[in-house]
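Data block below; observations after.
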Amino acid sequence: MKITEADVEYVAKLANLEVADDEKKELAGQLSSIVEYVEQLNKVDVSSVAPTTQILETVKHAVRDDRVAARTGTADAGKTVKYFKVPKVITER
Amino acid sequence: MNLRDITADKLVSLYQNRDLSVTEVIAGVFDEIDRTDKDVRAFLTLCKDRALEEARRIDSKIAEGETLDALSGVPVAIKDNMALRDVPTTCGSRILEGYVPPYTATAVERLRGAGAIVVGKTNLDEFAMGSSTENSSFFATRNPHNFDYVPGGSSGGSAAAVAAGMSLIALGSDTGGSIRQPASFCGVVGIKPTYGRVSRYGLVAYASSLDQIGPFAKSVRECAQVLSIVCGFDPYDSTSADVPVEPFLRDIEQPLKDVRIGVPKEYFIPGMDPEVKARFEDAIKVYEGLGYRIEEISLPHTEQAVAAYYLIATAEASSNLARYDGVRYGVRKGGESGLADMYRKTRMNGFGKEVKRRILLGTYALSAGYYDAYYLKALKVRTLILKDFQNAFEHVDLVFTPTSPTTAFRIGEKIDDPLSMYLSDIFTITCNLAGLPGISIPAGKNAAGLPIGVQLLGNHFQEALLLRAACHFERAFC
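So the sequences go chain by chain: F and G. Residues 20 to 112 (our numbering) make up the first sequence, in order. Residues 15 to 492 (our numbering) make up the second sequence, in order.
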């Protein structure tokens with residue numbers, strides 16, 4: 020499947036990325052060749068195969084009691100910065 | 015002092031016997047870095063003051079007659095995608111500029127707990143995405159064996175630091191070969207443990223179902239020693255495996271009986287460098303000479319591994335890297351013109367080319383209409399790759415391959431051709447997809463003097479066997 024410059028623009032928007040106009044053409048070409056390469060997966064019959072999302076499902080993964088036990092306190096976090104300044108994230112419609 | 019001719023346990027015993035002081039050794043390491051790193055460029059940040067302070071503290075313990083810990087005063091280098099409290103973590107990216115973690119990664123904390131001294135943070139491909147360390151936003155690291163060549167990647171700084179004698183031990187991370195491939199290119203030992211073996215608390219996530227931390231050293235023994243310290247359950251990492259850690263050093267020299275090694279026929283690909291192939295065939299003979307049984311095996315889905323990997327890894331990366339948006343970390347651009355604009359401008363300015371490329375590919379693979387065709391299919395092929403190994407491990411104990419189809423390539427050679435760069439990981443990727451432990455061991459050099467590595471893969475949690483077999487090879491080969 021060929022990736023067009025319009026595809027790059029669309030996916031960039033989904034990914035919250037801005038891509039400069041001169042980068043779009045180069046990215047479309049590179050992504051096209053990568054996508055063409057990965058399409059070799061179509062040669063494999065996976066109709067009766069389940070997907071693997073986690074490799075070691077037999078291992079009991081770490082859970083702990085639901086108690087507050089911070090390794091890093093807020094006092095430590097505050098050592099590198101005096102305060103946290105964030106931009107306005109709520110805007111009026 | 016250059017560390018090329020000494021091992022960690024020898025160094026600790028020289029300290030304990032007061033033949034060397036930790037302070038003089040650590041000061042000597044920084045002199046060596048001053049001389050060597052202007053060419054190699056392995057380090058992004060040096061921790062000279064705190065390292066010397068820790069050295070003096072250990073020296074006073076020695077003066078008081080205290081017994082030293084396993085790695086007391088041993089210099090270690092840390093890939094700069096792992097947190098060390100009060101020292102910047104950059105991930106080789108502009109987007110984390112100014113970020114200083116208020117905590118230390120568990121693996122680093124455990125090394126420090128055993129007395130190791132962190133000398134610095136090493137260069138990497140941005141967010142560990144690359145195979146050459148050229149994708150660092152700061153500078154490329156060079157191969158200590160020939161400065162015109164790459165050290166491999168993404169843990170190229172860590173591999174080069176050990177190979178050049180600027181550190182005795184280094185930690186790296188391996189998502190598709192990022193420890194083993196640079197170990198091979200730089201002529202050192204590097205191991206990626208089983209998925210879940212080493213806590214990833216404090217490791218910046220790239221592809222969470224694949225990432226694993228592991229050590230570099232000049233010898234298998236030292237890797238085994240470090241591994242027995244950093245492995246093990248950690249309540250701070252929900253994917254850390256609650257599986258007992260054997261003392262990997264204990265029986266490492268003991269001979270093994272009736273061990274079967276499988277050599278997968280699919281790894282003899284047309285693109286393999288003839289010199290790599292020749293050294294690999296020599297290496298097979300070494301194992302035969304040691305009494306191991308060599309068998310040809312088949313891993314039929316090897317050819318699809320790179321394709322499956324670059325869909326899964328980039329899909330996970332596109333999600334993991336969504337957090338770098340100008341709100342929480344480092345760089346912020348366009349904050350005055352609204353939230354959406356700030357996200358996009360921050361990410362455009364902060365991320366390098368390869369990171370953007372992978373985020374776009376991963377986003378594409380996950381997007382509506384393409385999810386089933388790309389991402390889901392890759393997850394199913396991953397199942398087949400895992401099954402290939404499960405079938406193989408019914409007949410053999412270990413799998414043996416070259417680490418990389420070629421030796422180190424020239425700086426700049428593959429930087430504009432991402433697909434050819436991705437294909438350089440072809441022998442290391444299956445191990446991550448299947449969650450197996452894998453080790454790269456030096457197996458000589460090519461005619462031009464560039465190192466060649468061979469790779470042993472073991473079944474899940476079989477690090478003890480893997481290290482023993484690797485140690486036997488190392489002894490017989492040298």
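Glycine included, C-beta positions come from ideal geometry on N, C-alpha and C. Only a predicted model underlies this, so the values are computations on that prediction, with no experimental measurement involved.
Query, Result
"Residues of the stretch 391 to 414 of chain G whose Cβ lies closer than 7 Å to any Cβ of chain F, in chain order", "Lys-391, Ala-392, Leu-393, Lys-394, Val-395, Arg-396, Thr-397, Leu-398, Leu-400"
"Proximal residues, the stretch 46 to 57 of chain F versus chain G, C-beta separation under 8 Å", "Leu-46, Gln-49, Leu-50, Ser-52, Ile-53, Val-54, Tyr-56, Val-57"
"Neighbouring residues, chain F, relative to His-315(G) (Cβ below 8 Å)", "Val-63"
"Residues of its chain near Leu-471(G), where Cβ-Cβ distance is below 6 Å and the 5 sequence neighbours each way are ignored", "Val-413, Cys-445, Leu-450, Gly-452"
"Selected residue, minimal CA-CA separation from Glu-37(F), among Leu-437(G), Glu-488(G), Val-369(G), Phe-161(G)", "Val-369(G)"
"Leu-433(G) - containing beta strand (DSSP E), residue span", "No beta strand (DSSP E) contains Leu-433(G), which is instead part of the alpha helix (DSSP H) from 432 to 437."
"Local Cβ density within 10 Å of Arg-234(G), reported as buried at 16 or more and exposed below that", "For the sequence presented, residue 234(G) should be read as Val rather than Arg. Answer is buried; the Cβ neighbour count reaches 16."
"Counterpart residues of Glu-310(G) in DSSP-defined beta bridges", "Val-277(G)"
"8 Å CB neighbourhood of Ala-297(G) in its chain, flanking five on each side removed", "Phe-414, Ala-457, Val-468, Phe-487, Phe-491"
"Contact set between Glu-37(F) and chain G, taken where Cβ atoms lie within less than 8 Å", "Arg-358, Lys-359, Arg-361, Met-362"
"Within-8 Å CB hit, Thr-23(F) to chain G", "no"
"8 Å Cβ cutoff, Val-87(F) in contact with chain G", "no"
"Beta-carbon contacts of Arg-70(G) that lie in its chain and below 7 Å, excluding the five residues immediately before and after", "Thr-37"
"From Leu-182(G), Leu-82(G), Ala-484(G), Ala-174(G), residue whose alpha carbon lies closest to that of Leu-58(G)", "Ala-174(G)"
"Interface residues of chain F facing Ala-322(G) [CB-CB closer than 7 Å]", "Leu-60"
"Gly-340(G) versus Val-30(F) - alpha carbon distance", "20 Å"
"Near the ligand NAD: Ile-76(G) beta-carbon under 7 Å from a heavy atom", "With respect to small molecules bound, the structure shown includes none, and the ligand NAD cannot be examined in it."
"Those runs of the alpha helix (DSSP H) which lie wholly inside the stretch 325 to 391 of chain G and span at least 4 residues", "353 to 364, 367 to 380"
"is_contact[Lys-93(G), chain F] using C-beta, thresh 8 Å", "no"
"Reference Gly-171(G); option with closest CA among Asp-272(G), Val-244(G), Asp-139(G)", "Asp-139(G)"
"Residue from Pro-115(G), Tyr-324(G), Tyr-338(G) with nearest C-alpha to Leu-390(G)", "Tyr-324(G)"
"Among Ser-254(G), Ile-92(G), Thr-377(G), Pro-269(G), nearest to Ala-231(G) - alpha-carbon criterion", "Ile-92(G)"
"Helix, strand or coil at Thr-37(G) according to DSSP, with G and I counted as helix", "helix"
"Neighbour-count burial assignment, Asp-48(G), 16 or more Cβ in a 10 Å radius", "exposed"
"Any C-beta of chain F under 8 Å from that of Thr-50(G)", "no"
"Ile-193(G) and Ser-169(G) closer than 8 Å at C-beta", "yes"
"Reference Ser-454(G); option with closest CA among Ala-130(G), Phe-441(G), Ala-462(G)", "Phe-441(G)"
"Inter-residue spacing [alpha-carbon to alpha-carbon] between Lys-44(F) and Glu-24(F)", "6 Å"
"Inter-residue Cα distance where the pair is Ser-198(G) and Lys-359(G)", "38 Å"
"Own chain partners of Asp-411(G) with C-beta closer than 6 Å, once the 5 adjacent residues on each side are dropped", "Val-273, Arg-274"
"Reduced DSSP secondary structure (H/G/I, E/B, other) of Phe-44(G)", "helix"
"Three or more C-beta pairs below 8 Å linking the stretch 276 to 289 of chain G and the stretch 19 to 35 of chain G", "no"
"Supposed contact pair Val-57(F) and Ala-382(G) - C-beta distance, whole angstroms, cut 8 Å", "That belief does not hold up - the Cβ atoms of Ala-382(G) and Val-57(F) are roughly 18 Å apart, past 8 Å."
"Span separating the alpha-carbon of Gln-73(F) from that of Tyr-281(G)", "25 Å"
"Exposure of Ser-332(G), with buried meaning 16 or more beta-carbon neighbours within 10 Å", "buried"
"Pro-165(G) at chain F interface by Cβ criterion, 8 Å", "no"
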